[in-house]
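Here's the structure, in structure tokens; my notes come after.
In UniProt numbering, the protein residues as written are 1 to 459.
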């Protein structure tokens, strides 16, 4: 039920969503707290090696799942060319994202990290614009600028031991945005579990050289250990975070399955607020009044941004469905209409055209087109359920008597418009364009079409 719009949930579905959100909160916040305690309080100096252990553990567990339950977990099939072009860059971005985040734990507070990471939605939108997979819209851009300004004003004054940590988190956000763009453009045929199965081993291999070069020297230097009991605690935390990393991926996958986009957005905002509160309680982080207001503004901006995205996506989906409505003659709807149906030659908007825009004017024109199809259908059918009486055409060369009563009677009985005492809508007098062109032209010019479209065909 990962739709773009919220749907009515039954109590059982609501329980599934609540459990998925709760599992997401617990695993994510536990990993954050344990990593902060491991790298900052215990002074562990090899975050890349810890990240390598996380990726390796997840890769092994996923391999066992696909090997032991092939009916439930279908092994993805991909060519070598697509693997090198899509999977490897995505895996490198994922490794960079997690590795840079772990490098920043010992340099900045959890609150500062959470606030900077909340800009991921804005950076992702900007990168999507750069690659042409997002449409520029002023309301969304205004929300993005509001979020960025609020975040920029909230970070100064936070607990930052080294501004290099802010740089690491900003680079991690950028890697997240590029990874999303690559997934949307290259790997839409894979599920989330299949994508993790393909990328996790490459992420581990991508981190291994850097982990050896940067973190291996710290393994020979005692950090803060004076006995076996002090050495056991970091090892237990590393193993626990490795298990939690896999559970976090599973809960995120499950959450995408059972909830909608808006619910996922609100749950993400709630997780950020809960993480900030956890950092205040457990790690003595603090926020001034100005920072609290800035964080609140950024949260409101993120909610507004996500709501606008969902609304635009829903309008585009409705527009696509309208353009695919078939005509009464079995045609393909708006896609099969002539290029210039109006007398002035103004083309109707088509979703196949690159310049077509989803605007209220386009929807109004399509509604008139749909009304025209309904109207033409009722002109050919007898509304009383009787058979339509048709008059054969006169022989070629014969003269038609204008006063012939049989022809008049047949026409009046077979035309539903005549039965209601109104002139036939389909009939056009000399010098007038057909009704379809008149209706659509009037719709384009914004003029009233009252009297041209019967009540039965008007939306």
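Ideal Cβ placement from N, Cα and C applies to all residues, glycine included.
Helix, strand or coil for residue 470, going by three-state DSSP, please let me know.
-> Residue 470 is absent from the structure shown; the chain starts at 1 and stops at 459.
Counting only the same chain and skipping the five closest in sequence on each side, list residues whose C-beta sits under 6 Å from that of residue 92.
-> Excluding positions up to five away in sequence, the list reads 206.
Cross-strand partners of residue 108 (DSSP beta bridge) = Per DSSP, 160.
Hey, how far is the Cα of residue 140 from the Cα of residue 204?
-> Going from the Cα of residue 140 to the Cα of residue 204 covers about 36 Å.
Residue 63 burial status per 10 Å Cβ neighbour count (16 or more: buried) | Answer is exposed; the Cβ neighbour count stays below 16.
Contacts around residue 246, its chain only, beta-carbon distance under 6 Å, and the 5 residues preceding and following it disregarded = So the list reads 58, 61, once near-sequence residues are dropped.
Report the three-state DSSP secondary structure of residue 215 (helix, strand or coil).
-> Looking at residue 215 - three-state DSSP - the assignment turns out to be helix.
Tell me whether the beta-carbon of residue 303 lies closer than 8 Å to the beta-carbon of residue 276.
-> The Cβ-Cβ distance between residue 303 and residue 276 does not fall below 8 Å.
Thinking C-alpha only, which one of 166, 158, 197, 317 is nearest residue 468?
-> This structure cannot speak to residue 468, because the chain is shown only from 1 to 459.
Residue 50, buried or exposed, once every other Cβ within 10 Å from all chains shown has been counted against 16 = Residue 50 should be labelled buried.
Measure from the alpha carbon of residue 54 to the alpha carbon of each residue in 196, 296, 314, 306, then state which is nearest.
-> Residue 196 is the option with its Cα nearest to residue 54.
Beta-carbon proximity list for residue 208, same chain, < 8 Å, skipping 5 on both sides = Apart from sequence neighbours up to five positions away, the residues of its chain that approach residue 208 with a beta-carbon distance below 8 Å are 52, ordered along the chain.
In terms of alpha-carbon separation, which member of 264, 291, 317, 100 lies closest to residue 17?
-> Minimum Cα distance to residue 17 is reached at 264.
Residue 37 to residue 168 span [Cα, whole Å] = Each residue's alpha carbon lies about 19 Å from the other.
Rounded to whole angstroms, what's the CA-CA distance from residue 235 to residue 296? Just pull it up for me.
-> Their Cα atoms are separated by approximately 38 Å.
Mind checking residue 84: buried by the 16 CB within 10 Å criterion, or exposed?
-> So residue 84 counts as exposed.
DSSP three-state call for residue 74: helix, strand or coil?
-> Coil at residue 74, not helix or strand.
Secondary structure at residue 258, three-state DSSP: helix, strand or coil?
-> Three-state result, residue 258: helix.
Helix, strand or coil: how does DSSP classify residue 133 here?
-> Here residue 133 sits in coil by DSSP.
With DSSP as the reference, label residue 187 as helix, strand or coil.
-> Under the three-state reduction of DSSP, residue 187 is assigned to coil, being neither helix nor strand.
Integer-rounded CB distance, given that residue 41 should sit under 8 Å from residue 105 = Not a contact, Cβ separation roughly 10 Å.
For the alpha helix (DSSP H) that residue 42 lies in, which residues bound it at each end?
-> Counting along the chain, residue 42 falls outside any alpha helix (DSSP H), and DSSP gives it neither H nor E.
From what residue to what residue does the alpha helix (DSSP H) around residue 319 run?
-> DSSP places residue 319 inside the alpha helix (DSSP H), whose first and last residues are 289-323.
Chain-order list of residues whose beta-carbon lies under 6 Å from that of residue 242 (same chain, five-residue window excluded) = Around residue 242: 53, 54, 57.
Does the beta-carbon distance from residue 123 to residue 174 come in below 8 Å?
-> Taking C-beta atoms as the reference points, residue 123 and residue 174 count as a pair closer than 8 Å.
Are there three or more Cβ pairs, one per stretch, closer than 8 Å when the region 10-27 is compared with the region 62-81?
-> The region 10-27 vs the region 62-81: no contact.
In chain order, what residues of the same chain have a beta carbon less than 6 Å from the beta carbon of residue 165, not counting five sequence neighbours either side?
-> So the list reads 104, 107, 108, once near-sequence residues are dropped.
Can you tell me the Cβ-Cβ gap for residue 90 and residue 179, rounded? I've got them flagged as a contact below 8 Å.
-> About 6 Å separates the CB atoms of residue 90 and residue 179; that is less than 8 Å, so the two are in contact.
Residues of its chain near residue 160, where Cβ-Cβ distance is below 8 Å and the 5 sequence neighbours each way are ignored | These residues qualify, in order along the chain: 107, 108, 109, 112, 166.
With a Cβ-Cβ cutoff of 8 Å, do residue 102 and residue 47 count as a contact?
-> Cβ distance < 8 Å, so residue 102 and residue 47 count as in contact.
Span separating the alpha-carbon of residue 213 from that of residue 95 = Residue 213 and residue 95 have their alpha carbons spaced roughly 16 Å apart.
Going by alpha carbons, who is nearest to residue 144 out of 154, 133, 126?
-> 126 is the residue among 154, 133, 126 whose C-alpha sits nearest the C-alpha of residue 144.
Report the option in 240, 148, 191, 184 whose CA atom is closest to the CA atom of residue 299.
-> The residue with the shortest Cα to Cα distance from residue 299 is 148.
Please report how far the alpha carbon of residue 25 lies from the alpha carbon of residue 202, in whole angstroms.
-> Cα to Cα, residue 25 sits roughly 27 Å from residue 202.
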